[in-house]
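Comments concern the structure below.
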Amino acid sequence: MTKKIVLPELGEGIDKAIIACWHKRVGDHVSEDDDLLEVVTDKATFNVPVGCRGIVQKIFFNQGEEVTIGAALAVIDLTQ
Amino acid sequence: MFVFKELALSCDVRDLGLIEFDTAYAFQQQCVSGLLKAHNPTIFLCEHPAVITLGRLADESNILVDYKELGRKGVSVKKIDRGGDITLHCPGQLVVYPIIDLSEYGKDLHSYLHQLEDVAINVLSDFCIRGQRSDKNTGVWVKQRKIVSIGIGVKKWITYHGMAINVNTDLNLFSLIRPCGLDVIMTSMADIKGISVNLDRVKERVIYHLSEQFSLRIR
C-alpha cells in the first residue's frame, strides 16, 4: 500500500510553488510528524508534512522546480 | 528579555531587545515546537545587529558590495528559510515574529501576509503615517518608498519569521543591497516624521493591532 503526497492548497490565488529543498530522500524512513520538503511562494516558505509512517519510495520533482497545487510530490510506501 | 503580562493579549509577548538573528530564530523554533504541543501563540519583538538575510528566492547579486566591505561595516550575511529575496536588519528597526497557528485562520498564506500588512498600516496610522500596499509586491510603502518588509516561514501551518518595520533605522545601510531585489528606496518612520520615534510606543501599537487582527486573548 502506498500514499501519494500532494502539494496542498496554500491559499487563495496561489496556484504554484517552487521546491526549495527536500528534507527526506528516497529510502528514508518517515513518520507522521516529519516534514517531507519545503516549498516557497513569493514571500513564504511552507513545509509539507508527511502525515504517515513509511518509507519514501519516489520523489517526482527536484529542488528548484515549479509545481502546481495538487500535484503529486512523492510516494510513501506504507507497508514497510 | 521580559514578558508583557498585563497587556490585553491572548498570547505571550516576548521583547527580546537587541538580539542576534540566530538566537531569535532559535527562540522562534522553540515556540513553533511548543505550539504544536498546544502551547499558546507568541509574538516576539526585537532588533538585530546589522545583518543581511537572504531568503529562499534571494539572488546574491542583490548584495551590492563585496564581503570584505560588509565585514568592515560589521554587517553579517545569512541564508535563511523564509520566503522572499534579500533584506537587511539593524538596530532601530523593529522586527516582529508572530508564532501563530494558521489552522485557526483559514490556512491561507496570502491572507496571512495581507493581515500582517494591515497590522503595519494600522500601526503607521497611529503615528499619522499613511502606509499603503503595492499591487505587485508584498510589504508596506509610504508613497513610493518602502517602510515595512515581510517574509514568512510556515511549518504545519505555524508561522515564523514575520515583518520588519523601519522605525529609526539607519537607512544608509540599505545602500549595501537591492532590497527585496527591487529598485526601491527605503524609508523609516523617523525619516518621515523628521524626528526619532519612540520604539516602545511602536511596540505597544504592534501588539495592540496584532491582537485585534488575530483576535488574540490573554491566556
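Respectively, the protein sequence lines represent chains A and B. Residue numbering for the first sequence follows my numbering, starting at 14 and increasing by one per position. Residue numbering for the second sequence follows my numbering, starting at 8 and increasing by one per position. Cβ coordinates follow ideal geometry from the N, Cα and C atoms, glycine included. Here the structure is a predicted model, which means the values were calculated and not measured.
Hey, could you find the ends of the beta strand (DSSP E) residue 51 of chain B is sitting in? Element bounds for residue 51 of chain B: 49-54.
Evaluate residue 107 of chain B with the Cβ neighbour count: other Cβ atoms within 10 Å of its Cβ, from every protein chain shown; 16 or more gives buried, anything less gives exposed. By the 10 Å Cβ count, residue 107 of chain B comes out buried.
Touch test, the region 41-56 of chain B against the region 126-144 of chain B, Cβ-Cβ under 8 angstroms, three pairs minimum: Output reads no: the region 126-144 of chain B does not touch the region 41-56 of chain B.
Give, in chain order, every residue of the region 152-172 of chain B whose Cβ lies closer than 7 angstroms to some Cβ of chain C. Considering every chain present, this structure includes no chain C. Its protein chains are A and B.
Which residue from A:73, A:80, A:24 puts its Cα closest to that of residue 88 of chain A? Per the Cα distances, A:73.
Per-residue DSSP class, three states only, for residue 59 of chain A: Strand at residue 59 of chain A.
Tell me, please, whether the region 72-83 of chain B touches the region 186-197 of chain B by the rule of three or more beta-carbon pairs shorter than 8 angstroms. Look at the beta carbons and you see the region 72-83 of chain B not touching the region 186-197 of chain B: under three pairs across the two are nearer than 8 angstroms.
Return the chain-ordered list of same chain residues with a C-beta closer than 7 angstroms to the C-beta of residue 50 of chain A, the five sequence neighbours on each side being excluded. If the five residues before and after residue 50 of chain A are omitted, its C-beta is found closer than 7 angstroms to the C-beta atoms of 32, 34, 35, 36, 61, 86, all from its own chain and listed in chain order.
Quick check on DSSP: helix, strand or coil for residue 67 of chain A? In this structure, residue 67 of chain A counts as strand in the three-state DSSP scheme.
Is residue 58 of chain B buried or exposed, if buried means 16 or more other CB atoms sit within 10 Å of its CB? Classification for residue 58 of chain B: buried.
Reduced DSSP category for residue 50 of chain A - H, G, I as helix; E, B as strand; rest coil: Reduced to three states, the DSSP call for residue 50 of chain A is strand.
State yes or no: is the beta carbon of residue 91 of chain A nearer than 9 angstroms to at least one beta carbon in chain B? No, because no Cβ of chain B sits closer than 9 angstroms to the Cβ of residue 91 of chain A.
Can you give me the C-alpha to C-alpha distance between residue 97 of chain B and residue 36 of chain B, rounded to a whole angstrom? About 21 angstroms.
Going along chain B in order, which residues have a C-beta closer than 8 angstroms to the C-beta of residue 27 of chain A? By Cβ distance, chain B contributes 116, 117.
Between the Cα of residue 94 of chain B and those of B:163, B:220, B:202, B:176, spot the shortest distance and give me the residue it belongs to. With distances taken between CA atoms, residue 94 of chain B lies nearest to B:176 out of B:163, B:220, B:202, B:176.
When DSSP labels each residue in this structure, what does residue 41 of chain B get in the three-state scheme? Helix, per DSSP.
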